[in-house]
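Student:
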Amino acid sequence: MSRKTIGIISVAIVAFVVVGFFVANDFLGLLGEEVEPDASRILFDEYVQTFSEILQYEFDVFLDDGVISQDEVNQINFLKQFTQTEQIEFIHSGKHSDFDWDKDNMNNYFEKTIADLPYDVYNGRYAIIIDTDENTVAGDSAYYFLTDEQKFDSKKVVKLTYKKATIDDFQRAVTEFSSSIEKNSFFYLMFESHGSTTGVWFNDGTGYDTNATCYVHYDELGEILDQIHAKTTAITLYCCGQAGSINSLKITSSPYVLVTMPLAYVYGTSDVYDNPYTRTYSYIASKDYDFNGNGFVSLGESYGALRYSMTPFWNVNPPEEEAKYGFFESEGGLTSKVYFGDFSVVNQKNLD
């Protein structure tokens, strides 16, 4: 059943409540009885209670018959967490059919039930994408995933690829975000470049990305990121020697997660790209990797799925190869609580 149909039913029931109230009031008046304000309120509350029960029944029917979209089911489950009186107020104001009350491109149900975010306060999401390679498929895929599928505000996503992936441009982007980012916001850094066990290379602006002047140690990278005070920070790093970042790249300005896995190739369905790596790892958006069954894939679930997908690679390579990949979280269990947004999991068949 569509939201339009739900709205029509709601309006009809509201009309029933209002008309019923006045009819009852007039009927008592015809009998010559003076209805005291308290009595009128009691009578009205009885109609409200009846209306609430009918509405509750309709919600249950909508959930059971399976004809509405998952977004509508989620909205209903979100509304059912409120009292009947509050539900009535939402219907009067039209909020019952608004899936995103705080206009941050994440739906109410996801924020309240899944991500533990306020559903009535704007939750900003910011990202910087670094891809020093001449083939910018990783950076392009990340940008597509964040802005198209996860609905990040494109003005809050800075993509620095190839010659634009310089240390100066990165520091400039961090400084700009540091002055505008809200304390309840999420910040994400995707970094793909050449690297070593002690640091990474940016591009020098000419296309050369192993110039010594472009080298930044992991601890220095952490100091730069400390300018950003977010609710949560997530970093995915993919470069040679990336395992060295686990003990060296530290952030004190916000709780953070550091993942040293090729998540640059994970993003979404990525069906607009033919890169084999992109298509190989895209399926972690599948419901098969929604391990807790809540309909959304966290960074922790993505990490687990990607490790599993790389098993064939590790089976034919030395054990130390697998040791290159891991994650660090500043708070226990934080990785499983990090979501890029409310992009729902999809069936594997949709990715082929």
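Heads up, the sequence shown is in numbering that gives the first Met the number 0, so the first residue is 0 and it goes up one at a time. In this text, a Cβ means the ideal position worked out from N, Cα and C, and glycines have one as well. These figures come from a predicted structure and were not determined experimentally.
#1: What residue from 142, 164 and 168 has the CA that sits closest to residue 156's CA?
#2: Straight-line CA distance for residue 105 to residue 190?
#3: Which term fits residue 81, buried or exposed, when burial requires 16 or more other beta carbons within 10 angstroms of its beta carbon?
#4: Please classify residue 331 as buried or exposed, where buried requires at least 16 neighbouring CB atoms within 10 angstroms.
#5: Kindly identify the DSSP beta-bridge partner or partners of residue 300.
#6: With distances taken between CB atoms, is the gap from residue 121 to residue 107 smaller than 7 Å?
#7: Rounding to the nearest angstrom, what Cα-Cα distance links residue 150 and residue 180 in this structure?
#8: Considering only their Cβ atoms, is the gap separating residue 91 from residue 78 smaller than 7 Å?
#9: In this structure, how does DSSP classify residue 259 when only helix, strand and coil are distinguished?
#10: Considering Cα atoms alone, identify which of 293, 232, 222 and 288 is closest to residue 301.
#11: Determine whether the beta carbon atoms of residue 254 and residue 333 lie at a separation below 7 Å.
#12: Considering only residues of the same chain and omitting the five flanking positions on each side of residue 184, which have a CB-CB separation below 7 Å?
#13: When DSSP labels each residue in this structure, what does residue 160 get in the three-state scheme?
#14: When the distance is taken between beta carbons, is residue 337 closer than 7 Å to residue 242?
#15: Indicate the three-state DSSP secondary structure (helix, strand or coil) for residue 233 in the structure shown.
#16: Please state if the CB of residue 214 and the CB of residue 198 are separated by a distance shorter than 7 Å.
#17: If you measure between the beta carbons of residue 173 and residue 86, is that distance less than 7 Å?
#18: Looking only at DSSP bridge pairs, what is residue 68 linked to?
Tutor: In short, the structure shows the following:
#1: Along the sequence shown, one-based indexing puts residue 156 at 157. With distances taken between Cα atoms, residue 156 lies closest to 142.
#2: The residue you call residue 105 lines up with position 106 of the sequence shown. The residue you call residue 190 lines up with position 191 of the sequence shown. Straight-line measurement puts the Cα of residue 190 at about 25 Å from the Cα of residue 105.
#3: Here residue 81 corresponds to residue number 82 of the sequence shown, with the count starting at 1. Its Cβ having fewer than 16 others within 10 Å, residue 81 is exposed.
#4: Counted from its first residue, the sequence shown places residue 331 at position 332. The residue is exposed, with fewer than 16 neighbouring Cβ atoms inside 10 Å.
#5: Residue 300 sits at position 301 when you count from the first residue of the sequence shown. The partner list for residue 300 (beta bridge, DSSP) is empty, contrary to what the question assumes.
#6: Along the sequence shown, read from residue 1 onward, the residue named residue 121 stands at position 122. Along the sequence shown, read from residue 1 onward, the residue named residue 107 stands at position 108. No, Cβ-Cβ distance for residue 121 and residue 107 is not below 7 Å.
#7: Reading the sequence shown from its first residue, position 151 is the one you call residue 150. Reading the sequence shown from its first residue, position 181 is the one you call residue 180. So the two alpha carbons sit approximately 17 Å from each other.
#8: As a position in the sequence shown, residue 78 is number 79, starting the count at 1. As a position in the sequence shown, residue 91 is number 92, starting the count at 1. Between residue 78 and residue 91, the gap from beta carbon to beta carbon reaches 7 Å or more.
#9: Stepping through the sequence shown from its first residue, residue 259 is reached at position 260. Residue 259: strand per DSSP, three-state reduction.
#10: By one-based count along the sequence shown, residue 301 stands at place 302. Closest by C-alpha distance to residue 301, out of 293, 232, 222 and 288, is 288.
#11: Start at 1 with the first residue of the sequence shown, and residue 254 comes out as number 255. Start at 1 with the first residue of the sequence shown, and residue 333 comes out as number 334. It is a contact, given that the beta carbons lie within the stated cut-off.
#12: Taking the first residue of the sequence shown as 1, we reach residue 184 at position 185. Only residues of its own chain outside the window of five on either side were considered, and among them 122, 123, 124, 125, 229 and 230 have a CB closer than 7 Å to the CB of residue 184, listed in chain order.
#13: Counting from 1 along the sequence shown, the entry for residue 160 is found at position 161. In this structure, DSSP gives residue 160 an extended state, which the three-state scheme calls strand.
#14: Within the sequence shown, the letter at position 243 stands for residue 242. Within the sequence shown, the letter at position 338 stands for residue 337. Not in contact: residue 242 and residue 337 (Cβ atoms no closer than 7 Å).
#15: For the purposes of this step, residue 233 is identified with residue 234 of the sequence shown, where counting begins at 1. Under the three-state reduction of DSSP output, residue 233 falls in the strand class.
#16: Indexing the sequence shown from 1 puts residue 198 at position 199. Indexing the sequence shown from 1 puts residue 214 at position 215. Between residue 198 and residue 214, the C-beta spacing is below 7 Å.
#17: Numbered from 1 along the sequence shown, position 174 holds the residue referred to as residue 173. Numbered from 1 along the sequence shown, position 87 holds the residue referred to as residue 86. No, Cβ-Cβ distance for residue 173 and residue 86 is not below 7 Å.
#18: What you label residue 68 is simply residue 69 of the sequence shown in a count that begins at 1. Bridge partners of residue 68: none, in fact.
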